[in-house]
Amino acid sequence: MPPMKYAVAAVAVAGSLRLLCILLFILTFSAAAQAPGDFRVALVIGNSAYAAAPLLNPANDARAMGDTLRGLGFSVIELRDGSKGQMADAINQLRDRLKGRQGIGMLYYAGHGVQVDLRNYMVPVDARLRSSADVPAQSVDVGQVIDAFKLAGNRMNIVVLDACRDNPFGGATTGRGLAPLDAPSGTFLAYATAPGNVAEDGDAKSGNGLYTQYLLLELKKPMARIEDVFKRVRFAVRKASAGRQIPWESTSLEEDFQFNDGRVVAVAKPAADILLAAFNQEQQDWGRIKDSRNADDFYAFLARYPSGPIAEAANAKLDELVASNLVVQGAGADRKDVPYSVARYRLGDEFEVRIASNTSSSFNQTGVVRSVRDGKVLVELKAAATGPVPMRMLYDPQGGFVGMPDIFTHTPASYLAPSGLLQVGQAWKTGYEQEYLNKALTDALGKTVAVGQDRVVARERVSVPAGTFDAFRIESESTSVSKNMTLRITATRWVVPELPEPVKSETVTTEGMFKTIRATRELVRYTRAAESADVQRVSLDQASRDAQARDNQRQAWTVLMSRAQAGDAAAMADVAKRFEEGRGMAVDFTQAVEWYRKSAQAGRPAGMGGLGAMYYNAKTGAKDAVLAGQWWRKGAQAGDGRSMAGLAILYEAGEGGMPKDAALSIDWLGKAVATGDPRALTRMAFRLRDGQGVEKDLRKSFDMARQAAEQDSPGGHYALGWAYYKGLGVAQDEEKAAVEFARAAEGGIPNAMNDLGTLYQRGAGGLPLDPDKAMEWFRKAAALGQVNAIDNVKKMQERGVR
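In terms of my numbering, the sequence shown opens at residue 586 and continues consecutively.
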């Protein structure tokens, strides 16, 4: 949590109510001292013409980006559909033009990009990647460009990678999408989507990839600061993709830059009154939308204030209203290459901290998450020094501190770390207004306003009584102004993604020139509550969650359908998938077929895979394996995992004009698994479990099922549930099995419905003994033709259960 929480603890020790108003952070960002930055060179590369997996728009993206950057005063080296040799020559040209000029260097790359061992590679059109060993030899390491910038002696570097398209190279990579990198000194890194995930290539009608469409628009706006440009692009892409794609940036810049006039501006700390004035302006607009359930209100707010002190609160509100639907690439990769975000409290979490200050002796304080209701999390803190009555702290669903019941409120909430990604170099402004709920405090202090800025400065090991942690170090400075008092606060806190509490914090609070309070807080222990189905169900008030979910679905559906109707092939495929699976609506195969067909005809690989499945599964009328095979062949050539899995089915059965060939079937299934396709992962999990065409391996089977379930695949949930139920490749755990069976049953898997009914019938897996509930699930499964369920319904009826 923010330093406010720890300042409150110090207050309790010191016995001074005034320190209840100690709050957040200021370190910040402003303009002063201009310096020339006229010499600017950009290398622009767009690769589309891949032999095995061509892309629609990167060459178009490069052409448009080159034209735009020339209009902004850049000297541009432009390369489209480049071989490895041509790309290497272009990098050398870039280095030579910039050398000794102390200029601004920029790389823009659109095309296929992969990672191997946490290094990112741009893939030339002549690459033929079959294994990870081929990648360094046949591709171009992004690090070569950064090295060229270093050799040139640039004062500023900008790297933009629109290179996280669907990965057709499968086993040639060792991680998902691109790997996260800390920006080298003087460098701004921008990714089209969060590392490890997939960016949309757009379609023929749009003419550009989704990310580049919005980047081109923002670059042309007058007085566009580099930070604001990329933040606005992030919000626009997130909205347009309905959360499937969220861009990401990492920066180590100590100067600001404006694209459209080339100004480079030194960073200096602004006066507190300037920050307070900016916060007051934003706060007026925030007050009008803070309780809104319409995500568009917060997108509009962020478009106006992309880097303001309330931006993180608006981001957190979006996270609450609009679930992220990021498309994960190569789901089999280790999660070490995925960016970090801070954990949320769970009901029942317990922790203990050691607090020391220069105003009192040290003491231990315990905390427990007591309740989660009305969308708020209540944490009680207690120590001998504070007396028998615990301090109660309230947090919002995203972990933001919103105040102490009956004492004060924060508007907006303040956060331990920014929502979503956590990366060295990140900086964000903070601000809130604190209003007291006690008349005596209100009369004495009035309202308190706090503003500041935080920055993630390093990733380092830190040792505390709870152990040694690999933590992010966040430094902050802030100013808190109330009726008769101004406080200056500097703080350092060490945060780990796995815990909602910092493992350590150091705070220095100064009032005027004389009084200074120094406090240290170290984690002694933290016990996470089990993430059981019951805990998940009470993570928010159920009625509030249900209403929120319905509202989110309506908003996401409206955005998605409008994009599909406008000709967006990716959106068409997503619409079709929702109709096919009945997500947020009734299953409608007629609509699914229609939208899959439109998407496939527009060239979308996912549309081809879906349309093939519709033909094969007789959702278009009679089963047509030949047409299914034709579409699956096209989709597989374009890198679609579902299409590859479909070809595996055809070769296994000898259908659709394909010969019956077990080896080819396994080969295609393996290729589909390498793309992370959840259906392929599920099929491979069962093959590995049974030793069907592959060597039996229960542990690998479990891992495949888990990866499919992580993508919310109903089949994956069932496979994972069965592994837990029988103890196959993992310790037997009927409670975990029940959770997975429930998810699979809700996703329409008949076997899962029957097995869930069996658990209710037995009162097993943490479920109550409930014959009526068991009968309900047996009937649902029986209606779908599940043989065991039909028998179970008869047996239950014989026992008098109706």
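Glycine included, each C-beta is placed from N, C-alpha and C at the ideal position.
Identify every residue that forms a DSSP beta bridge with residue i.
{"i": "Asp1039", "result": "Trp1013 and Ser1061"}
{"i": "Ser947", "result": "DSSP, once it has assigned bridges, lists no residue as partnering Ser947."}
{"i": "Ala1104", "result": "Ser942 and Thr1092"}
{"i": "Gly698", "result": "Met707"}
{"i": "Asp726", "result": "Tyr706"}
{"i": "Leu692", "result": "Leu628 and Val744"}
{"i": "Ser835", "result": "Leu774"}
{"i": "Thr1033", "result": "Gln1019"}
{"i": "Trp1079", "result": "Arg1058 and Lys1089"}
Sort the options by Cα distance to residue i and report the nearest one.
{"i": "Lys1068", "options": "Ile1059, Val1034, Leu1254 and Leu1030", "result": "Leu1030"}
{"i": "Ala1114", "options": "Ser892, Glu1083, Val1093 and Glu1107", "result": "Glu1083"}
{"i": "Asp1357", "options": "Ala1366, Ala1368, Tyr1345 and Asp1039", "result": "Tyr1345"}
{"i": "Asp813", "options": "Pro891, Phe886 and Asp881", "result": "Pro891"}
{"i": "Leu1108", "options": "Ile1102, Lys1100 and Lys1089", "result": "Lys1089"}
{"i": "Tyr796", "options": "Ser942, Leu746, Asp623 and Ser956", "result": "Leu746"}
{"i": "Tyr635", "options": "Arg704, Ser724 and Asp681", "result": "Ser724"}
{"i": "Ala712", "options": "Phe624, Asn943, Arg1264 and Asp666", "result": "Asp666"}
{"i": "Ser1389", "options": "Phe993, Asp991, Val987 and Gly1010", "result": "Here the chain covers residues 586 to 1387 and nothing more, so residue 1389 does not appear."}
{"i": "Ile1234", "options": "Ala638, Ala1265 and Arg931", "result": "Ala1265"}
{"i": "Tyr799", "options": "Ala649, Glu1060, Gly1197 and Lys1208", "result": "Ala649"}
{"i": "Gly1390", "options": "Glu1383, Arg704, Ser633 and Thr1267", "result": "In the structure as shown, the chain starts at 586 and stops at 1387, and residue 1390 therefore has no counterpart that could be examined."}
{"i": "Gly1224", "options": "Lys1204, Ala1259 and Tyr1201", "result": "Ala1259"}
{"i": "Val1036", "options": "Gln1371, Met989, Ala1151 and Ala896", "result": "Ala896"}
{"i": "Gly771", "options": "Ala968, Leu838 and Gly1261", "result": "Leu838"}
{"i": "Val1034", "options": "Leu1254, Glu867 and Asp934", "result": "Glu867"}
{"i": "Gly1010", "options": "Pro1087, Ala775 and Val964", "result": "Ala775"}
{"i": "Gln729", "options": "Gly1306, Met707, Gly1188 and Ala1330", "result": "Met707"}
{"i": "Gly1332", "options": "Leu1352, Asp1297, Arg955 and Pro1353", "result": "Asp1297"}
{"i": "Gly1194", "options": "Glu1179, Gly1188, Phe1174 and Trp1216", "result": "Trp1216"}
{"i": "Val938", "options": "Ser946, Glu834, Gln950 and Phe1054", "result": "Gln950"}
{"i": "Arg929", "options": "Arg955, Glu905, Gln983 and Ser877", "result": "Gln983"}
{"i": "Lys735", "options": "Pro721, Leu683 and Tyr693", "result": "Leu683"}
{"i": "Pro1085", "options": "Lys875, Glu935 and Arg1384", "result": "Glu935"}
{"i": "Ala1293", "options": "Trp1180, Ala1329 and Val1144", "result": "Ala1329"}
{"i": "Glu663", "options": "Arg686, Tyr693, Gly670 and Leu640", "result": "Tyr693"}
{"i": "Leu1254", "options": "Ala1230, Ala1270 and Ala1248", "result": "Ala1230"}
Note down, in chain order, each residue of its chain lying with its Cβ closer than 6 Å to the Cβ of residue i, except the 5 sequence neighbours on either side.
{"i": "Phe1287", "result": "Ala1308, Gly1314 and Val1315"}
{"i": "Gly792", "result": "Asn645"}
{"i": "Asp1246", "result": "Tyr1236"}
{"i": "Pro643", "result": "Gly631, Asn632, Ser633, Ala695 and Gly696"}
{"i": "Ser1117", "result": "With a pLDDT of 40 at Ser1117, under the threshold of 50, the predicted position of this residue should be treated as unreliable, though the coordinate-derived value follows. Closer than 6 Å at Cβ, skipping near neighbours: no residue."}
{"i": "Glu1165", "result": "Ala1177"}
{"i": "Met976", "result": "Leu966"}
{"i": "Val1093", "result": "Thr1075 and Arg1103"}
Using three-state DSSP, classify residue i as helix, strand or coil.
{"i": "Leu683", "result": "helix"}
{"i": "Val1178", "result": "helix"}
{"i": "Ile630", "result": "strand"}
{"i": "Asn742", "result": "strand"}
{"i": "Phe993", "result": "strand"}
{"i": "Gly1278", "result": "coil"}
{"i": "Glu1086", "result": "coil"}
{"i": "Tyr930", "result": "coil"}
{"i": "Val1386", "result": "coil"}
{"i": "Asn1377", "result": "helix"}
{"i": "Lys961", "result": "strand"}
{"i": "Leu664", "result": "strand"}
{"i": "Phe659", "result": "coil"}
Does the Cβ of residue i lie closer than 8 Å to at least one heavy atom of the ligand FMN?
{"i": "Phe624", "result": "As far as ligands go, the structure on display features none, and thus does not contain the ligand FMN."}
To which residues of the same chain is residue i closer than 7 Å at the C-beta, ignoring the five residues directly before and after it?
{"i": "Ala899", "result": "Phe883, Phe886 and Leu887"}
{"i": "Leu1212", "result": "Tyr1200"}
{"i": "Gly1350", "result": "Glu1319, Glu1320, Ala1322, Ala1323 and Leu1344"}
{"i": "Ile1334", "result": "Pro1299, Gly1300 and Tyr1303"}
{"i": "Lys1285", "result": "Leu1273"}
{"i": "Leu861", "result": "Val1034, Val1036 and Val1066"}
Give me, in chain order, the residues of the same chain whose beta-carbon lies closer than 8 Å to that of residue i; leave out the 5 immediate sequence neighbours on both sides.
{"i": "Val1378", "result": "Met1360, Phe1363, Arg1364 and Ala1367"}
{"i": "Leu801", "result": "Ala649, Met650, Thr653 and Asn793"}
Task: the region 624-637 in contact with the region 653-663 per 3-pair CB rule at 8 Å - done: Note that the region 624-637 touches the region 653-663; at least 3 beta-carbon pairs, one per stretch, sit closer than 8 Å.
Open item on the list: Is it the case that the region 1035-1054 contacts the region 868-885, given that we only count it when at least three CB pairs across the two stretches are under 8 Å?
Closed with: As far as the Cβ criterion goes, the region 868-885 does not touch the region 1035-1054, which means the pair count is below three.
Task: Sufficient close CB pairs (3 or more, under 8 Å) joining the region 674-681 to the region 821-838 - done: Contact fails: fewer than three Cβ-Cβ distances are below 8 Å.
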